[in-house]
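S.K.: Chains as they are written, first to last, in numbering that gives the first Met the number 0: chain D, 0 to 408; chain U, 0 to 161.
Could you have a look at this structure, given as structure tokens, before my questions?
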Amino acid sequence: MNPVDTAMEHRLEEIEPAAPGAPRRMVLNMGPQHPSTHGVLRVILELDGEIVTSARPDIGYLHTGIEKQAEALGWQQVVTITDRMDYLANLSNNLAYVLPVEKLLGIEIPPKAQWMRVLLAELSRINSHVVWLGTHALDLGAMTVFFYCFREREELLRIFEMFSGQRMMTSYIRIGGLALEPPRGWDRAVRNFIRGFPEKVDEYEALLRENPIFLKRTQGVAYAPLEQLLDLGVTGPMIRAAGLAWDIRKAEPYSSYEKFDFRVPVEQSSDVYARFLIRLEEMRQSARIVEQALEGMPEGAWKADAPRVVLPDREKMKTQMEALIYHFKIVTEGVHVPAGEAYVPVESPRGEIGFYVVSDGGTQPWRVFMRTPSFGNLQALPALFEGKLIADTIAALGSMDFVLGDVDR
Amino acid sequence: MLPEEIQQLETPAAIAQWDAEALTGGSLARGELVLWTARERIAALCRFLKEERQFTRLVAVTCIDRYPVEPRFEVVYLLHSIPRNERLRLKVAVHSGDAVVPSVCGVWAGANWYEREVFDMFGVRFEGHPDLRRILMPDYWQGHPLRKDFPVHGHKYSYKDE
């Protein structure tokens, strides 16, 4: 069967009028450019009065072919495109890509680099949740929180810029360690931010938890049972809001997460409000992790001692023949990754992100499959929409916290 | 057949007890278990794993193109059992001339989009899928972008509306 034909059939079926005597229904397109999707997503809604009887998401508008591009880049180069997918948690994506490649290479990462990665991943989580909270509250009509959240985000972006030189597309983690030595004064900047942060979370909470409009629009809205969400492959805060205490940082610790003390919040009601509470608490817990990482940051190297993978120091390259050769080989030829495949799951702000990398022993990946949390979570959209009021769709969409670049890749 | 060290593991042993013919191979590398099965058995095997072995979560379905080697496609199922904190990869090899695999949508509802994605990107068809359409590419797109013989920059720059 030709795929074009099936697509056309599907379109005709969409606009077909109801049979005589059948209940009247209305098809409404939400998007592709809808202010509350914060990206390009079309949802085909079928309405019976104000009740949504069917919701079908249509994705792919932001498809950039990152998986295909990865096959045309060197192993190290791929890191710099991973942060284009989920542009709110760039460093989590970097980390998720780097871990399976390091597993294939079998190199050991020094503790300082690991702790730094944890610190940066948690700052990414705060950054993502802060933007989510601000825009979600704005969608529901609470404007002040939006300004407060973006104030904190600005500070975070300044920290990321300090590390990587960029505000938005912050690729700072590399295979074998970090891209550069941590900048001078980074600890003071992070400490300044994190010291006042928990009070700011209290501030957001106070603004929203006592806001009757916000409560009415979130409590008991967009409920879905845990079994259904699990069956649909939902991960992250959404599944924890449905009562499942499962966090990859605890269940399958990576990058020395097992050395940190934090709590995984769980809620039972599985509605928009529960998802809001989960993310608020996660921000507090992330702040705790960052504080611990600041206090206990190990001394030592920030990149692995793996001459065939990691570029040598500039000074060594100028004075030692071996280092010059490795430098030349890495820059001209790239890194050879042993043949094989690996998958390492990572807890991103949205759920499980995992890169399934396949190597044929060459300097370019044979295949990089990106298991992104937003794609899995968005499949639950019909479950949250159907049988509910059209006015609640905005709250439901916001509570899923997807990033369209992460859905389409 | 299965290598020695895998036969002793819990999940492969349970599968072998359920159906001695279900697995056609396997490997254990870097702590990650990969099991191979035949195309005809994948749906039944998935149901068994979900119901008897608590693999309640389908992490993803994807595909690897081994062009020009035949069988060309490896359809990969990433499974996860939360209660037992165990991960498993199932693989099915498919020839390019007959790239059809039974759908596992009936086992996990979440397989729906992943199978559509594999169909869109590799052209592997899933028999019994309720709604097998392209998902990421436009309807009118020719070819399957993640196949190795599809050029990185596409065949041509022409768009329907131009």
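Quick reminder that beta carbons are idealized off the backbone N, C-alpha and C, glycines included.
In this text, all values refer to a predicted model and were calculated from it rather than measured experimentally.
With DSSP collapsed to three states, give me the class of D/MET29.
M.R.: Of the three classes helix, strand and coil, the one that applies to D/MET29 here is strand, per DSSP.
S.K.: Just verifying my parser: in three-state terms, what is the DSSP assignment at U/GLY24?
M.R.: DSSP places U/GLY24 within a strand segment (E or B) once states are collapsed to three.
S.K.: With DSSP as the reference, identify every bridge partner of U/THR36, one or two as the case may be.
M.R.: U/LEU22, U/VAL91
S.K.: Which of helix, strand or coil does DSSP assign to D/ARG370?
M.R.: The answer is strand: DSSP assigns D/ARG370 an E or B state.
S.K.: Below 7 angstroms between beta carbons is the criterion; list the residues of the segment 124-137 of chain U that meet it against any residue of chain D, in chain order.
M.R.: ARG132, ARG133, ILE134, LEU135, MET136
S.K.: Which residues in the same chain have their Cβ closer than 6 angstroms to the Cβ of D/GLU119, if we skip the five residues on either side of it in sequence?
M.R.: Strictly speaking, residue 119 of chain D in this sequence is Leu, with Glu absent from that position. Cβ within range, chain order: LEU90.
S.K.: Name, please, each residue of chain D whose Cβ falls closer than 7 angstroms to the Cβ of U/GLU31.
M.R.: ALA341, TYR342
S.K.: Around the Cβ of D/PRO99, are there at least 16 other Cβ atoms within 10 angstroms (buried) or fewer (exposed)?
M.R.: buried
S.K.: For D/GLY105, does the count of other Cβ atoms within 10 angstroms reach 16, so buried, or fall short, so exposed?
M.R.: exposed
S.K.: Could you tell me which chain U residues have their CB closer than 7 angstroms to the CB of D/ALA71, listed as they occur along the chain?
M.R.: Per Cβ cutoff of 7 angstroms: VAL151.
S.K.: Alpha carbon to alpha carbon, how far is D/ARG307 from D/TYR325?
M.R.: Going from the Cα of D/ARG307 to the Cα of D/TYR325 covers about 6 angstroms.
S.K.: Hey, could you find the ends of the alpha helix (DSSP H) D/GLU204 is sitting in?
M.R.: 185-208
S.K.: Provide the residue span of the beta strand (DSSP E) that contains U/VAL60, from first to last.
M.R.: Start and end: 56-64.
S.K.: Go to U/ARG98, then tell me how far its beta strand (DSSP E) extends in each direction, as first and last residue.
M.R.: The residue asked about is misnamed: residue 98 of chain U is Ala in this sequence, not Arg. Premise fails: U/ALA98 is in no beta strand (DSSP E) and is neither H nor E.
S.K.: Compare the Cα-Cα distances from D/ALA303 to each of D/GLY48, D/GLN113, D/GLU151, D/GLN284 and report the closest residue.
M.R.: D/GLN113
S.K.: I need the boundaries of the beta strand (DSSP E) containing U/HIS79, first residue and last residue.
M.R.: Going by DSSP, U/HIS79 is part of the beta strand (DSSP E) stretching over 72-80.
S.K.: Can you pull the chain U residues whose beta carbon is under 9 angstroms from the beta carbon of D/ALA250, in chain order?
M.R.: ILE81, ASN84
S.K.: Can you tell me the Cα-Cα spacing of D/ARG124 and D/ARG152, whole angstroms?
M.R.: 11 angstroms
S.K.: Which residues mark the beginning and the end of the alpha helix (DSSP H) in which D/PRO110 is found?
M.R.: Start and end: 110-138.
S.K.: In terms of residues, what are the limits of the beta strand (DSSP E) holding D/ILE50?
M.R.: 50-57
S.K.: Could you give the DSSP three-state label for D/ASP400: helix, strand or coil?
M.R.: coil
S.K.: When you compare only the Cα positions, how much space is there between D/LYS317 and D/LEU179?
M.R.: 18 angstroms
S.K.: Beta-carbon separation of D/PRO182 and D/MET115 under 8 angstroms?
M.R.: no
S.K.: Alpha carbon to alpha carbon, what distance is there between D/PHE401 and D/TYR253?
M.R.: 24 angstroms
S.K.: Would you check if the distance between the CB atom of D/ALA205 and the CB atom of D/ILE158 is smaller than 8 angstroms?
M.R.: no
S.K.: With DSSP as the reference, please indicate the residues paired to D/ILE43 in a beta bridge.
M.R.: D/ASN28, D/ARG55
S.K.: Taking only beta-carbon positions, decide if U/VAL103 is within less than 8 angstroms of chain D.
M.R.: no
S.K.: By the criterion of Cβ-Cβ separation under 7 angstroms, what are the contact partners of D/LEU231 in chain U?
M.R.: Going along chain U in sequence order, the residues near D/LEU231 (Cβ under 7 angstroms) are ALA108, GLY109.
S.K.: Does DSSP put D/LEU388 in a helix, in a strand, or in coil?
M.R.: Strand, per DSSP.
S.K.: Assuming contact is defined by CB atoms lying nearer than 8 angstroms, are D/VAL77 and D/ALA88 in contact in what I supplied?
M.R.: no
S.K.: Are the C-beta atoms of U/ALA145 and some chain D residue less than 8 angstroms apart?
M.R.: One detail in the question is off: residue 145 of chain U reads as Leu in this sequence, not Ala. Yes, U/LEU145 lies at the interface with chain D (some Cβ there is under 8 angstroms from its Cβ).
S.K.: Rounded to a whole number of angstroms, what is the C-alpha to C-alpha distance between D/ALA390 and D/ASP85?
M.R.: 28 angstroms
S.K.: Can you tell me which residues form a DSSP beta bridge with D/SER347?
M.R.: D/GLY350
S.K.: Would the beta-carbon of U/PRO101 fall within 8 angstroms of that of U/GLY127?
M.R.: Using a Cβ distance threshold of 8 angstroms, U/PRO101 and U/GLY127 count as a contacting pair.
S.K.: Run through chain U and tell me which residues come within less than 8 angstroms of D/ASP312, C-beta to C-beta.
M.R.: Going along chain U, no residue has its Cβ under 8 angstroms from D/ASP312, so there is no contact; the nearest lies around 30 angstroms.
S.K.: Check the Cβ of U/ILE63 against every Cβ in chain D and list those closer than 7 angstroms, keeping chain order.
M.R.: VAL357, ARG366
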